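In what follows, a single structure is set out as structure tokens and then discussed.
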Amino acid sequence: MLGEVIPAKALLQWVQEEAGDFRERIYSPLSTLMLFIEQVLSADQSCSDAVARGLSARVALGQTPCSLNNGPYCRARARLPVGLVERLGREVGARLSASEPRAWHWRGRPVKLVDGTSVSMPDTRANQQSFPQHRGQGTGLGFPLARVVAIVSLSCGAVLEWAIGACEGKQSAETALLWALAHKLRAGDVVVADRCYAGYFMIARLRQLGVDVVIRQHQRRHTDFRRGLSLGTRDHTVSWIRPQRPVWMDEASYRSMPETVTMRETRAGGWTLVSSFIDAREVSKQELLALYRSRWQVELDLGAIKTVMQMDVLRCKSPSMVQKEIAVHLLAYNLVRSVMAQAAYLAGLLPRQLSFKGALQLLRAFEQNLRHSPCARLAIRQAHLLGAIAQTKVPYRPWRVEPREVKRRPKPFKRLAEPRNIVRARLLKQQERYRDAFLR
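First residue of the sequence shown: 8, per this note's numbering; consecutive thereafter.
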């Protein structure tokens with residue numbers, strides 16, 4: 008799949024640039040990366056499953072079988088440069104975004120959705136130092152948490168950029184991570200985001216880059232439609248005044264911020280939206296509302312990565328491997344999105360009309376079929392796969408609502424209120440007393 012998105016020559020060149028000189032072995036950087044991608048795309052996602060897949064592939068190619076020991080594969084994953092994985096993930100997203108038809112864009116302009124999420128990981132000392140657990144949890148009772156902020160294409164669903172940080176400490180908020188990613192946006196982009204990104208300096212920074220915004224009004228900012236220039240019912244433009252310099256911003260950056268920013272504030276659909284589209288004749292409030300409603304797609308995308316691809320709970324025990332595991336998940340997600348975009352284009356559909364989970368299920372089902380297909384039959388089988396993915400259409404239900412509540416009750420286990428090693432030692436002593444009493 009990766010070789011069809013990125014030419015083999017460029018792929019090998021990037022492996023050489025990022026990994027440098029390496030010995031030819033069973034788990035070379037490229038073969039390790041392929042197994043890592045298959046691992047996060049599989050339903051099992053264990054290292055044992057990845058090693059078994061590697062053994063199956065070698066036997067199918069007539070090569071010497073490898074051992075089923077996980078150690079060599081895990082060490083090969085540790086040697087894999089994180090820069091290579093991140094570079095490939097961003098390149099796949101960029102190539103998909105650049106090749107999509109303009110008809111998929113909003114008014115001929117690319118729309119970028121921004122949102123953040125958090126993932127947990129094994130409770131190791133190294134992970135706790137880099138990604139501390141929530142401050143309200145006791146020592147040994149919580150899990151390290153990492154925050155991920157992603158820039159996602161509305162048209163094709165690919166993750167174009169992302170940043171990873173801790174959930175605790177200074178400069179760990181979603182806005183701080185987006186501030187570090189802002190320079191990746193291009194002039195002419197349209198950013199749609201939730202209200203936590205509606206601060207003055209964030210919007211001013213995006214406007215300096217030539218990026219338009221449609222964001223929900225921040226809950227702390229009061230909107231008075233009696234002020235400013237009226238554009239219609241509950242629709243006006245107003246000048247925002249630059250606030251005092253925050254402690255995290257240096258003096259030079261503060262002086263580069265404009266003293267005022269002209270914004271459009273609109274009340275529609277029960278929300279107050281702020282936008283840089285100040286001409287009501289060019290963009291109506293109904294169009295702004297429809298565009299902001301599409302922001303929910305990024306919630307579905309991140310939910311698919313965390314639930315369908317099981318990135319919600321990571322497996323790696325070191326910070327470097329955690330970053331690598333997240334990057335591989337996003338690379339694999341973009342590869343699936345590339346296949347979905349191809350199927351949608353051939354069927355005359357939009358990628359957002361297709362089910363990500365359905366596409367992933369079909370890719371898993373066709374995996375061995377394509378792997379062992381004769382060359383003369385490969386194109387036909389790929390066409391059948393694309394045709395099947397084009398049939399996984401998501402029903403159009405614009406007013407569907409579901410409660411964020413769970414009907415199935417959890418099992419009545421007690422919550423761990425002490426570190427596991429203390430409880431385990433107590434249980435062992437209790438077991439010894441029962442054994443001694445039985446032997447008497």
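Idealized CB from N, CA, C, for every residue including glycine. Computed from a prediction, not measured in an experiment: that's the story for all the values here.
- Contact between the stretch 192-199 and the stretch 211-226 is established, with three or more Cβ pairs separated by less than 8 Å.
- Judged by DSSP in its simplified three-state form, T124 adopts strand.
- In the three-state reduction of the DSSP assignment, K436 falls in the helix class.
- Checking the DSSP bridge columns, you'll see S160 partnered with K119.
- When DSSP assignments are scanned along the stretch 205-287, the uninterrupted stretches of alpha helix (DSSP H) that are 4 or more residues long and fall wholly within it turn out to be 207-215 and 258-263.
- Given a length threshold of 3 residues, the stretch 10-79 has no whole run of the beta strand (DSSP E) inside it.
- The three-state reading of DSSP puts A170 in strand, counting E and B together.
- Annotated three-state conformation of K400 is strand, per DSSP.
- Here the alpha carbons of R288 and R271 stand approximately 13 Å from one another.
- V305: member of the alpha helix (DSSP H) spanning W303 to G310, first to last residue.
- Rounded to the nearest whole angstrom, the CA to CA distance from R233 to R202 is 22 Å.
- The bridge partners DSSP lists for L361 are K400.
- Rounded to the nearest angstrom, the gap between the Cα atoms of L238 and M209 is 25 Å.
- Rounded to the nearest whole angstrom, the CA to CA distance from A180 to L295 is 27 Å.
- For the 7 Å CB-CB criterion, A339 and L42 do not form a contact.
- Nearest C-alpha to M316 among P36, R407, A85 and A334: A334.
- The C-alpha of G176 lies about 25 Å from the C-alpha of L337.
- For V197, the pairing in a beta bridge is given by DSSP as V118 and D219.
- Considering only Q251, V268, S246 and Q360, the residue with the shortest C-alpha distance to S301 is Q360.
- With fewer than 16 other Cβ atoms from the protein chains shown falling within 10 Å of its own Cβ, D28 counts as exposed.
- Taking all protein chains shown into account, N341 has 16 or more neighbouring C-beta atoms within 10 Å of its C-beta and is therefore buried.
- Q437 and A444 have their C-alpha atoms spaced approximately 11 Å apart.
- W113 carries a strand assignment under DSSP once its states are collapsed to helix, strand and coil.
- In the DSSP assignment, L152 is bridged to S127.
- When beta bridges are read from the DSSP output, V320 appears opposite S127.
- Taking a contact as a CB-CB distance under 8 Å, the pair S162 and V121 does not count as one, their CB atoms being some 15 Å apart.
- The beta-carbon separation of V281 and A173, rounded to 29 Å, does not stay under the 8 Å limit for a contact.
- In the structure shown, W186 falls within a helical segment according to DSSP collapsed to helix, strand and coil.
- The stretch 182-193 makes no contact with the stretch 99-114: fewer than 3 CB pairs, one atom from each, lie closer than 8 Å.
- By the neighbour-count definition (other C-beta atoms within 10 Å, threshold 16), E93 is a buried residue.
- Distance between I396 and A354, taken at the CA atoms: about 10 Å.
- For L95, the uninterrupted alpha helix (DSSP H) run begins and ends at V89 to S106, by DSSP.
- Shown here for Q349: same chain residues with a beta carbon closer than 8 Å to its own, the five before and five after excluded, namely L393 in chain order.
- W406 is classed as exposed because its beta carbon has fewer than 16 other beta carbons within 10 Å across all chains shown.
- Burial is judged here by how many other beta carbons sit within 10 angstroms of a residue's own beta carbon; H141 has fewer than 16 and is exposed.
- In its chain, beyond the 5 residues on either side, Y34 and T39 have a beta carbon closer than 7 Å to the beta carbon of A83.
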